[in-house]
Amino acid sequence: MKFDVDKIRRDLEEEDMGAFFVGGYGGALSEYSDIEDADDDEVLEMATRRGMNLSKYKK
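According to my numbering, the sequence shown is numbered sequentially starting from -9.
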């Protein structure tokens, strides 16, 4: 199954920036960097661990 990994990556990054700026969660900056450096499979794994509904990212 194909997914729009770029959109998933953007959504993960936005979630982390929100956690940092709104919630003051400093670890979000580290996670943001991990997302930027991750390959497509790693991004999908991160999204799955966070419980994201991947069906809305199907191509």
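Beta carbons: idealized from backbone N, C-alpha and C, even for Gly.
Beta-carbon proximity list for residue i, same chain, < 7 angstroms, skipping 5 on both sides
i: Glu21; result: Asp6
i: Ala28; result: Met36
i: Asp(-6); result: Tyr47, Lys49
Whole-angstrom C-beta distance between residue j and residue i, which should lie under 8 angstroms
i: Ile25; j: Glu4; result: Going by Cβ atoms, the distance from Ile25 to Glu4 rounds to 10 angstroms, so no, they are not a contact pair.
Strand pairing of residue i, partner residues [DSSP]
i: Lys(-3); result: Note: Lys(-3) sits in no beta bridge, so no partner.
Residues of its chain near residue i, where Cβ-Cβ distance is below 8 angstroms and the 5 sequence neighbours each way are ignored
i: Lys(-8); result: Lys48, Lys49
i: Arg40; result: Leu2, Glu5
Under 8 angstroms between C-beta atoms of residue i and residue j
i: Val33; j: Arg0; result: no
Near the ligand ZN: residue i beta-carbon under 7 angstroms from a heavy atom
i: Met7; result: With respect to the ligand ZN, the structure shown offers nothing to examine, as it has no ligands at all.
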